[in-house]
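In this note's numbering, the protein residues as written are 4 to 1165.
Following this line, the structure appears as structure tokens:
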């Protein structure tokens, strides 16, 4: 009987086990029961996925176990409750089953014993996880305690408690970047901010510290970089870039009580209409000469207890400014703690700067590094087999790699990190090493797409070594596991700024001793290593101790703006760690004043206040502000400004690929580079909207870095938010219908689920492992499924709906001809005075040898990758365009000039980011001073270029053109000031007023017609040299308005275009009668250009600035303008003609008779 009962029970037991093997069929029901929000396992975590892989193995084990073991583990099967360490799972089985709906009429449904079995499996799984965690924690603790910085833990916390500022100097690999923030976090500090010079370092360190702390990234430990933030309300430690912290510290809260007043004058219009215009001024805060920052409650980071500045030895511009700001902050906040960390730094300099603050030095390195000097002279082969570019010879590097192969066993791991000076050298060496057996060659530099940058952190396949070719980006912050050998070229390329010619110079230098030591330390991070220095020991001794700080070699425009925004009375007295050259600082102040961002007393204008909020260069910020004037162009201006701010999305190697160039040919816009990037961006949006092709696949085929286009999109959205906050963007958003909203909500839910899946897969490393084991080492083997699973693509689709994208594409690309001309004027106005003129002898030169001259630098060339360098025929004058020559200069109506984003010298000076413009139309609309002859036939513009009108038709007289230019520029100044005035009004909630919008539409048409008409003017253009300026002007000119000076030019010798009269007017059928000048605003006739121009100025002021004044206009000032206009108009008024219904110039009988003959009898 007993045997029979035992046999029956054993059979039931086996049946239960067979049924339980199908528990995965109830995955959805069991997930709802057990994986609730209070459960210890998150439904979207790796542990959740791993559990369902664990469950079948657990079932198999239980099926093979003995009855006793089974009953002990499961709890007899009929128990209604099983005890365990997790209360959410220890509830009665019936209560757990009530969380779902069970249909017991089905053949197979979830039963109580299944729930009990699942509970036992979960408890067993949690015990397994706990053991794994303990094992990892013990291993991690052993690693942490073995770091050199661990010995200074208690000392650091104690010293920081008694001192506001501490300097931590630790050798490479001591663990300061990861351990110091963790020590402070465990010591009870909250609100810790750690800065890093690069985004990649901030993300990597945040991930590592979160792992060591034992939390999910984004919870207790997070990061915040440009366009990306991973934090929560529980975050206590944030890693961020230096620039972002600087922007947070220097962004005060807006004080509406300190509204700016309007300008007192609209005289002057330089540099695209903004210079010499006295714009509204924001009242600065009262400060002393010793750098008083805004009050504490105006700092967004006032709640933070500790600010850690890491890698301060790099001395970036933002780093030096941060150091000065925190010195100011520590006097305002005694509870604030500041830590400066670096591997190699001038410790005495930092300690003295912070009043002899304590210094903690962490000696020792994890592993020894052997140094071998390997001068290339002794190793250079008589005949190098490798291609050399720009005086770079890859032979010594190849020889060192061969030496490593010979002296290291093949089964030994050991990757190589090669430090080179630039991307061109990396490309040359990569070609030399291409196809080398047993090596995976990976480049690493800042312009490289992020996906390719990430590949250097992946482990190499078995039997293969990584050879990482890097610039100085790999010197600090980032640790690449497995690096055992370092090859140091000893060279670095640094950017210097020459203020005299407004040119950036990228020059190769010997690195400093500190940098050489940093490079050496990369070989000893994870094991004993070796450093090959491709220079002699004597050269090492001759190197400078430290690198030149960036503040002494770059433009300081953004620095000055940020300091003025903080309320400094005199930026020259800011407590710099090392003061910049005074001429460089003065140049930046003068430039900002000339561009309208600062007033004459160096206070912020309203335009300057807005520019400080824009994370872009001054010229890009001006393009954005100018675009706000025209609602029709605002979307295009946002895209254009973003295109100017990102790196060129066309990959450097694509210019050497014929197929990529051919596919991209129809995207090139021969007007210039920014317009080409705009066209690429619009085509990319069109592909995303159509959905017929993967955007990632299209980018790879055309040699375009899609990451730059995503960056452009985010930057554009950031610009839009800033303009909305400044009340300068008032275009309503596209409204969705009810069905579109429902569809959009469903799409967002799907995308969020997809994003969670992608993040989980990336964390598990499935794609990463595939990346380096693939046969294609370039990482270009992608399919459309990979593009759909790209996290950047998912974020893009979450942020942008189809209707918004369609409007953006339509308004940004479907512009009329005149609107495109005005958009070019906005761009040129932002860039001016960065213009260049063609060399007079370019017609005799090859396409690749074209030369240009800027205001301060002669004989410069186009950047080789510029669209204009690839299409040089667009810059040449055809024979049909030239009607003659005068003094060796071509006479044509189609002369062109270039506006450029920057002037960069590498091997030779190159113009970067160029657009071509019609000279006479655009230079008259841009120049700060227009000198002209009495008969308005010659122009000298800003002492840069001379234009000589040789011939023109009656409808295109140069005097008429100049009057139209004056009309447009005067109206622009008024409308621009109105726009800025209205943006700072408390009661302005709807953007610009209807009247201002009406004037802006009129201005748009006015400028558009001006730039498209007057095509029948033939002239010569000549760049002026200093010797020319000594003889070309005569006496004091008559200043008609802020930018037009009449009668200041000498007469020129007679030419074939001149008649016997002693003036420089062209031959014309009307020369026998008195020339008249018509006011383009009110059409009043004048008999001299000076009288007409003076009247035009008064006419514009009376009509637009008095009768239609903005809400914030000063009544007293309005009355002064009106009185001035009345006096001027009374002086100009003459006889009133009843037939013409207007006043004529003069009151004498002769004047009346002349008017009747010339007007009425004609």
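Note that CB positions come from ideal geometry on N, CA and C, so glycine has one too.
- Query: From 492, 954, 763, pick the residue whose C-alpha is nearest to that of residue 886; which is it?
  - Reply: 954
- Item | Runs of beta strand (DSSP E) lying entirely within the segment 865-939, each at least 3 residues, in chain order | 885-889, 892-895, 899-908, 912-921, 933-935
- Message: Quick check on residue 814: does DSSP put it in helix, strand or coil?
- Response: helix
- Just reading off the alpha helix (DSSP H) that residue 403 is part of, what are its end residues? 398-410
- Query: So, helix, strand or coil for residue 716, using DSSP?
  - Reply: helix
- Sequence-distant residues of the same chain with beta carbon closer than 6 angstroms to residue 160, five excluded per side: 190
- Give every residue of the same chain whose Cβ lies closer than 7 angstroms to the Cβ of residue 843, excluding the five residues on either side of it in the sequence, and list them in chain order. 891, 892
- Task: Can you grab the Cα-Cα spacing for the pair residue 1168 / residue 343, in whole Å?
- Result: This structure cannot speak to residue 1168, because the chain is shown only from 4 to 1165.
- Can you tell me where the beta strand (DSSP E) with residue 513 in it begins and where it stops? 506-513
- Message: Can you tell me whether residue 988 is helix, strand or coil according to DSSP?
- Response: coil
- Cβ neighbour criterion (16 or more within 10 Å) applied to residue 862: exposed
- Message: Nearest by alpha-carbon distance to residue 605: which of 574, 507, 626 is it?
- Response: 574
- Item | Of the residues 578, 894, 901, 418, the one placed nearest residue 472, counting alpha carbons only | 418
- Task: Taking all protein chains shown into account, decide if residue 385 is buried (16 or more other Cβ within 10 angstroms of its Cβ) or exposed.
- Result: Residue confidence for residue 385 is low, a pLDDT of 44 falling below 50, so the modelled location carries little weight; the figure read from the coordinates is stated next. Exposed is the call here.
- Message: Spatial neighbours of residue 974 within its chain, please: C-beta separation below 8 angstroms, excluding the five flanking residues on both sides.
- Response: 1002, 1005, 1006, 1009, 1103, 1107
- Message: Assuming residue 426 and residue 450 are in contact, meaning their beta carbons sit under 8 angstroms apart, how far apart are those beta carbons, in whole angstroms?
- Response: 6 angstroms
- Could you check if residue 856 is buried or exposed, using at least 16 other CB atoms within 10 Å of its CB as the buried criterion? buried
- Distance, residue 976 Cα to residue 455 Cα: 48 angstroms
- Can you tell me the Cα-Cα spacing of residue 431 and residue 850, whole angstroms? 26 angstroms
- Task: Assign residue 165 to one of two classes, buried (16 or more other C-beta atoms within 10 Å of its C-beta) or exposed (fewer than that).
- Result: exposed
- Item | the segment 679-698 touching the segment 637-655, judged by at least three CB pairs closer than 8 angstroms | yes
- Skipping 5 residues on each side, what residues in its chain have a beta carbon closer than 6 angstroms to that of residue 915? 866, 904, 905, 907
- Cβ neighbour criterion (16 or more within 10 Å) applied to residue 1098: buried
- Message: If I follow the unbroken beta strand (DSSP E) through residue 1022, where does it start and stop?
- Response: 1020-1026
- Message: Under 8 angstroms: do the segment 575-587 and the segment 549-567 share three or more Cβ pairs, one atom per stretch?
- Response: yes
- Item | Where the alpha helix (DSSP H) through residue 138 begins and ends | 115-148
- To the nearest angstrom, how far is it from the Cα of residue 46 to the Cα of residue 218? 16 angstroms
- Item | Backbone secondary structure at residue 90 - three-state DSSP | helix
- Query: Based on the DSSP output, what are the partners of residue 1171 in its beta bridges?
  - Reply: Since the first residue shown for the chain is 4 and the last is 1165, residue 1171 is missing from the structure and cannot be characterised.
- CA nearest to the CA of residue 310, picked from 614, 424, 194: 194
- Item | residue 718 versus residue 230: straight-line alpha-carbon distance, rounded | 8 angstroms
- Item | alpha helix (DSSP H) segment containing residue 496, residue limits | Unbroken run through residue 496 is the beta strand (DSSP E), 494-501; no alpha helix (DSSP H).
- Is it a yes or a no for the segment 166-173 touching the segment 356-364, going by three-plus beta-carbon pairs under 8 angstroms? yes
- Message: I need the straight-line Cα distance from residue 778 to residue 464, nearest angstrom please.
- Response: Because the pLDDT of residue 778 is 41, which lies under 50, any placement of that residue in the model is unreliable, and the question is left without a value.
- Task: Answer with buried or exposed for residue 883, where buried requires no fewer than 16 other C-beta atoms within 10 angstroms of its C-beta.
- Result: exposed
- Message: Let me confirm a value: residue 593 is counted as buried when at least 16 other C-beta atoms fall within 10 Å, else exposed. Which label applies?
- Response: exposed
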